[in-house]
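Some notes on the structure that comes next.
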RNA sequence: GCCCGCUUGGCGGAAUUGGUAGACGCAAGGGACUUAAAAUCCCUCGGCCUUUAGGCUGUGCCGGUUCGAGUCCGGCAGCGGGCACCA
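In the UniProt record's numbering, the protein residues as written are 1 to 853.
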């Protein structure tokens, strides 16, 4: 028999699907909708196995829900702005746009070879002026709605490259490209008010039942809501105070110092005539970027000489320090330190010989016996040495202090979030230009909407350090839209996370003249199943949730949670190899010698296998999807990435694994296409009654249908694969002449249809070989016959004293007494009982019998 | 440091609400076919003992609940992930 030739076959069906526009989603339909989406790729140049896995998972769902009668939207686009394009421009001199569009073209071709059921008519690229022009309009909407503002904030500044660095570009305190020590600088930046929605984003998490618990928890921690007291310490001898925030107002009587951040305005004022303090503040600022690890451990402070008065005790004065561990961005930028009940404060107090007064004592310890030495006590207990709080629990004491502070007017109950507003300004070329003009007389003026899209200039140069938009000869020079006088454009561009915060909405109406077609958005959203890597658990997913709320606020959509179901898939890993020189070796170059040792196929040098790690270019443990598809075809690659490992866990790519998948591909081909001679015409009804063998086969088939269906719905794709192996084994093990031909056809057709979401090309080919004239991609999903799912008999285990001794076959739902009788009649069971008294017999219907002796 | 998750054969992994542990795949070993190889097919495959039959033991470790625990509870260890001077 001929072998299956994937290359020709796959191309043939891809063309047919394309010609039939079978994956095109309609914005109006009588069918229920289902929106499948995988996180869109950055066009880095070539797809990798992680992409293949990600998009195959989504593709299985797409084809499955299509077959189940849904109107399915499964689009693809490109997260096309970002730094790699600029890096390529600097290194190779290619224009970012050319580099990006070339990469998109290459990756589109590759993705098409995977045979994905994608509606390519909706393809978008975020670097397309049509897309980012609409994004600019949304930015202006947000501005009008008061969700955008501008303020100064600190950035990592590379003084050689004249550019702002992202945190990951700062390596050991130095710029990744220039190697120059990074400075902290204050720049005016645009912010989106995500904190406005902090409570709502937190509350919304509870309703996201189809999200992984882990991701919800990570977002919850990221938002970091806390409740506490905000109050002002009066500075002794001055007519001003220091506002502090605390979540432990109950420990107020244990306070022994007040600490303010290095960036606190008071610190700045005190530093004007204090060189030592100036030096200390400078040291704190360096800390953030440079010697983090070194300094992290040590709590340092600078005694300002000021003191503040304790709110409950006029006689008590607390010293005021500038401390390196207090953050200006959180709370009020100032705290009171209670060393006995906070480890950080304790370390600080020990260093500067400050009072350590325990005020919370564990329940079972006498107050007099309790002291704190090197470890702060943070557990529950009752209050002591605390005046009117003595004897109260921590919770009671918190409430009492806050109530009193509010009654006396010097403090307020306050909710604080760790979450900060989203800084979206980037000092780069390859991003969405921020549609703002800076005018000396009018201030910041929005670019009029009729001038959108505000496009990037094409004639730019990366010869000079810094932002090309900034030193472009004329781009930034314009006139003020308001007063018409000469003015300057904003030269910052938007964070690329903005681009990815609404692309899933644009997919619903990619050609709309408005940023969002509300009808289309409301029809398709929310995304029913969103799939991507867990590395986007916080930022991308939180920004998209915020963005959707902001769009709702501005009247663009009528929902606030964009993703109903979220699935985070695992990474694709591979064994690493090194040669004698310690150089990483590509797996495709590794060969096995006869004695089992590994060698390089090109040089013959010995190779040593290392750990299994995430596929990465730097370690060269990558397998190129193109090579795999060339050699085995897309179906085999798809099958392999779906088999064995549950999709949420890491997958280890192995050469033997892909070989196994390839063998199964061939086996299916032989099993189905080899049956042609013995088949009845398509659609032949199964005449009752059928033989025992035929009935048994039908039962297996229908159980497989039910099982695979449930597995795909539950995203247990590896289990679905295992069931399909079982079904193929069962069909292959049949004595074909003994099987009713219509039953055999049903078995083969079911197998082909169940396999089709995973191996769509092969399934299509086999469907045709079974005599069908229409595309399988448009066919219905098989229905399990409930009557075939129940057996007449069940096999039950029989335990004696909890140990399995025998299994018995009894009628399904047989009466308890009958089951007991059969169980007790078993030789093996009698031997195990061995004359002991039977105290009790537990019978769990259709499951197990346990005889207690 | 805090929070979360995981731990089942040589390997990846199955196992409804607690109910026959190891489905399915990979690897390994043996056999058939073949001049030979590839491909394919058949058999074995957690460990220990045993002639068959069978017995004992076994889901990271210790303990508990239960007629019955991979599954539930308490403690411990190891691995992985997230966050981190967040007051």
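Every residue gets a Cβ at the ideal spot worked out from N, C-alpha and C, and that includes glycine.
- Classify residue 373 as helix, strand or coil using the three-state DSSP reduction. Collapsing the DSSP output to three states places residue 373 in coil.
- Closer than 6 Å by C-beta to residue 13: which residues in its own chain qualify, once you throw out the five before and the five after it? Chain order, please. Same-chain partners within the cutoff: 761 and 764.
- Query: Residue range of the beta strand (DSSP E) that residue 189 falls in?
  - Reply: Going by DSSP, residue 189 is part of the beta strand (DSSP E) stretching over 183-192.
- Task: Check residue 291 in the structure and name its three-state DSSP category.
- Result: Low confidence applies here, because residue 291 scores a pLDDT of 49, under 50, leaving its location unreliable and the question unanswered by this model.
- Residue closest to residue 305, alpha-carbon to alpha-carbon, out of 315, 298 and 319: Nearest C-alpha to residue 305: 319.
- Helix, strand or coil: how does DSSP classify residue 529 here? The answer is strand: DSSP assigns residue 529 an E or B state.
- Query: CA-CA distance, residue 841 and residue 827?
  - Reply: Rounded to the nearest angstrom, the two C-alpha atoms are 17 Å apart.
- If you draw a straight line from the alpha carbon of residue 548 to that of residue 129, how long is it in whole angstroms? Our two residues, residue 548 and residue 129, have alpha carbons roughly 22 Å apart in a direct line.
- Query: If you check the beta carbons only, do residue 651 and residue 743 fall under 8 Å apart?
  - Reply: Contact flag unset, no.
- Message: At 4 residues or longer, what runs of the alpha helix (DSSP H) sit wholly inside the segment 749-785?
- Response: For the segment 749-785, the continuous alpha helix (DSSP H) assignments of 4+ residues that do not extend past its boundaries occur at 760-769, in sequence order.
- Excluding sequence positions up to five away, which residues of its chain have a Cβ less than 8 Å from the Cβ of residue 71? Excluding residues up to 5 positions away in sequence, 25, 26, 29, 31, 32, 33 and 34 lie with their Cβ nearer than 8 Å to the Cβ of residue 71 in the same chain.
- In the DSSP assignment, find the unbroken alpha helix (DSSP H) run with residue 614 in it and report its ends. From DSSP, residue 614 is part of no alpha helix (DSSP H) but of the beta strand (DSSP E) over 606-614.
- Query: What are the boundary residues of the beta strand (DSSP E) that includes residue 549?
  - Reply: Note, residue 549: premise wrong, no beta strand (DSSP E); alpha helix (DSSP H) at 539-553.
- Query: At what residues does the alpha helix (DSSP H) containing residue 660 begin and finish?
  - Reply: Counting along the chain, residue 660 sits inside the alpha helix (DSSP H) bounded by residues 655-673.
- Residues bridged to residue 231 [DSSP beta-bridge criterion]: In DSSP, residue 231 forms a bridge with 244 and 411.
- Task: Would you give the residue range spanned by the beta strand (DSSP E) that residue 445 belongs to?
- Result: Note, residue 445: beta strand (DSSP E), 443-446.
- Tell me whether residue 834 is buried or exposed, calling it buried when 16 or more other Cβ atoms sit within 10 Å of its Cβ. By the 10 Å Cβ count, residue 834 comes out exposed.
- Message: Quick check on residue 316: does DSSP put it in helix, strand or coil?
- Response: The answer is strand: DSSP assigns residue 316 an E or B state.
- What is the rounded straight-line gap between the Cα of residue 289 and the Cα of residue 508? Only weak support is given to the placement of residue 289: the predicted model assigns it a pLDDT of 48, under 50, and the value that follows is read from those uncertain coordinates. In a straight line, the C-alpha of residue 289 is about 43 Å away from that of residue 508.
- Task: With DSSP collapsed to three states, give me the class of residue 101.
- Result: The DSSP-derived three-state label of residue 101 is helix.
- Message: Taking the beta carbon of residue 149 as the centre, do at least 16 other beta carbons fall within 10 Å, making it buried, or is it exposed?
- Response: That one is exposed.
- From 726, 809, 73 and 791, pick the residue whose C-alpha is nearest to that of residue 797; which is it? Minimum Cα distance to residue 797 is reached at 809.
- Close Cβ partners of residue 111 (< 8 Å) along its chain, the five nearest in sequence each way excluded: Taken in chain order, the residues that qualify are 47, 51, 55, 76 and 118.
- Look up residue 31 in the DSSP assignment and say whether it is helix, strand or coil. Coil.
- Message: Taking only three categories from DSSP, how would you classify residue 644?
- Response: Here residue 644 sits in coil by DSSP.
- Cα separation between residue 846 and residue 702? Their Cα atoms are separated by approximately 20 Å.
- Query: Can you list, in chain order, the residues of its chain whose CB lies under 7 Å from that of residue 140, leaving out five sequence neighbours each side?
  - Reply: For residue 140, where only same-chain residues beyond five positions count, the Cβ hits under 7 Å are 435, 446 and 449.
- Message: Considering only DSSP beta bridges, list what residue 565 is partnered with.
- Response: 210.
- Query: Using DSSP with H/G/I as helix, E/B as strand and the rest coil, what is residue 458?
  - Reply: Judged by DSSP in its simplified three-state form, residue 458 adopts coil rather than helix or strand.
- Message: Using C-beta distances below 6 Å, list every residue in its chain close to residue 470, excluding the 5 sequence neighbours before and after it, in chain order.
- Response: So the list reads 491, once near-sequence residues are dropped.
- Reduced DSSP secondary structure (H/G/I, E/B, other) of residue 480: In the structure shown, residue 480 adopts coil according to DSSP, grouped into three states.
- Message: What would DSSP say about residue 257, mapped onto helix, strand or coil?
- Response: Residue state, collapsed to three classes: strand.
- Task: Would you mind giving the Cβ-Cβ distance between residue 256 and residue 355, rounded to the nearest angstrom? I have them listed as a contact below 8 Å.
- Result: Residue 355 and residue 256 do touch by the CB rule: their CB atoms are close to 4 Å apart, below 8 Å.
- CB of residue 259 within 8 Å of CB of residue 352, strictly: Contact: no.
- Message: Can you confirm whether the segment 670-682 touches the segment 764-776 when touching is taken to mean that 3 or more C-beta pairs between the two stretches lie within less than 8 Å?
- Response: Remark: three or more beta-carbon pairs, one from each stretch, lie closer than 8 Å, so the segment 764-776 and the segment 670-682 are flagged as touching.
- Message: Checking the sheet assignment: what are the DSSP bridge partners for residue 799?
- Response: Within the DSSP bridge table, the entry for residue 799 names 804 and 850 as partners.
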